[in-house]
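First comes the structure, then the notes that go with it.
2 protein chains.
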Amino acid sequence: MDIQSELMNITSEMNRGFLQLIILTFLDVPSYGYDIIDSLEKIGYKVEENTLYPLLRRLEKKEVLISEWKVVDNKPRKYYSISKYGKELREEIMKIWSIQNLILQKLSDGRKENE
Amino acid sequence: MDIQSELMNITSEMNRGFLQLIILTFLDVPSYGYDIIDSLEKIGYKVEENTLYPLLRRLEKKEVLISEWKVVDNKPRKYYSISKYGKELREEIMKIWSIQNLILQKLSDGRKENE
DNA sequence: ACATTATACTATATGTCGCACAGTATAGTG
DNA sequence: CACTATACTGTGCGACATATAGTATAATGT
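The listed protein sequences correspond, in order, to chains A and B.
Quick note, the working numbering runs 894 ahead of the 1-based positions in the first sequence.
Quick note, the working numbering runs 894 ahead of the 1-based positions in the second sequence.
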């Protein structure tokens, strides 16, 4: 079992759900695809275009995000922002994330006690 | 868009990866399926049998877990424990989890600044 | 003694999404 | 003019949590 490929696999699994939370948190301020990628990369989280754009479309379809074309610097850009419904969803997802952290904390503490 | 069904969906997505981390953290001490379910439920994390058993089998197949049948209280039980390779994997997954928390923290802090 | 529930597990199918592959269009740079 | 960067769209695949369905045995209630 090659740990590197296993890690790539599990990273992908862990990104599910997390990516959505990241995007919903980021888009309080409207932004467009390429800018989102740049900004996330600057804080140490690399998302490929081919991952982000389909996600943005899916979230828009679910009415979690709202989009609007604008022309900036003579370029058309699709600006996304979180919807009201998206904000409600984000709060609930944050709760799930907190619960998961709590559970992991409890298990890690229990593990240290058993060492 | 019904937020309840959306939440069930995203909970499922967020469990991917997380469940594996939970199990690897829990199985420093050997345990069997039903006991794992009970113990996790006691600390507030509900996992269905039909979710856990296939996961245990997948992780064993990947040589992340080791299993061994034992008869206890006159009942056959399959005890699982984490392998050496599983421990290496777990350390790496914990790093990913920490990075994700860091990224989320940065984004949340940035969001509060923009409020 | 029988029905029901609990314990403990196995087998298989489905839906979702991150990722990969492939592409278009325009602007900027060498 | 060739190449890279910017900015996006369309489609298919693989992995896994979940759901459905099941077997086997023990414990409990009537």
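Ideal Cβ positions, reconstructed from N, Cα and C, are used throughout, including at glycine.
Query, Result
"How about GLY980 of chain A and VAL965 of chain A: are their beta carbons less than 9 Å apart?", "no"
"Helix, strand or coil, according to DSSP, for SER975 of chain A in the structure here?", "strand"
"Counting contacts by CB-CB distance shorter than 9 Å, is GLU900 of chain A in contact with chain B?", "yes"
"Check whether chain B comes within 9 Å of TYR939 of chain A, counting only Cβ atoms and requiring the distance to be less than that.", "yes"
"Considering only the alpha carbon of each residue, which of B:ILE976, B:GLU935, B:LYS969 lies closest to ARG951 of chain B?", "B:ILE976"
"Per DSSP, what kind of secondary structure is TYR939 of chain B in: helix, strand or coil?", "coil"
"Comparing alpha-carbon positions, which option in B:GLN898, B:PHE920, B:ASP896, B:MET988 lies nearest ILE937 of chain B?", "B:PHE920"
"Between the region 950-972 of chain B and chain A, which residues of the former have a C-beta closer than 7 Å to a C-beta of the latter?", "LYS956, GLU957"
"Going along chain B, which residues have a C-beta under 7 Å from THR945 of chain A?", "The premise fails here: THR945 of chain A is roughly 14 Å from chain B at the closest Cβ pair, so nothing lies under 7 Å."
"Under DSSP, the alpha helix (DSSP H) around LEU915 of chain B begins and ends at which residues?", "897-920"
"Note down, in chain order, every chain B residue with its Cβ under 8 Å from the Cβ of ILE931 of chain A.", "Near ILE931 of chain A there are no residues of chain B at all, since even the closest Cβ is about 14 Å away, more than 8 Å."
"Take GLU943 of chain B and list the residues in its own chain whose beta-carbon comes closer than 8 Å to its own, dropping the five residues that flank it on each side.", "GLY927, TYR928, ILE931"
"Given a cut-off of 9 Å on the beta-carbon distance, is the pair VAL941 of chain A and LEU913 of chain A in contact?", "yes"
"Is any beta-carbon of chain A found at less than 9 Å from that of TYR979 of chain B?", "yes"
"In terms of alpha-carbon separation, which member of A:ILE904, A:SER906, A:ASN909, A:GLU935 lies closest to LYS1000 of chain B?", "A:GLU935"
"Note down the Cα distance separating TYR974 of chain B from THR945 of chain B, rounded to an integer number of angstroms.", "16 Å"
"In chain A, what lies closer than 8 Å to ARG984 of chain B by C-beta?", "Under the 8 Å cutoff, chain A gives no residues; its nearest Cβ is about 10 Å from ARG984 of chain B."
"Once you ignore the five residues that flank LEU996 of chain A on each side, which residues in its own chain have a CB closer than 6 Å to its CB?", "none"
"For ILE917 of chain A, is the classification buried or exposed, using 16 other Cβ atoms within 10 angstroms of its Cβ as the cut-off for buried?", "buried"
"Since GLU957 of chain B is in the beta strand (DSSP E), which residue starts that stretch and which ends it?", "Where GLU957 of chain B is concerned, there is no enclosing beta strand (DSSP E), given that its DSSP letter is neither H nor E."
"Whose C-alpha, out of A:ILE904, A:ARG910, A:TRP963, is nearest the C-alpha of TRP953 of chain B?", "For the sequence presented, residue 953 of chain B should be read as Leu rather than Trp. Nearest C-alpha to LEU953 of chain B: A:ILE904."
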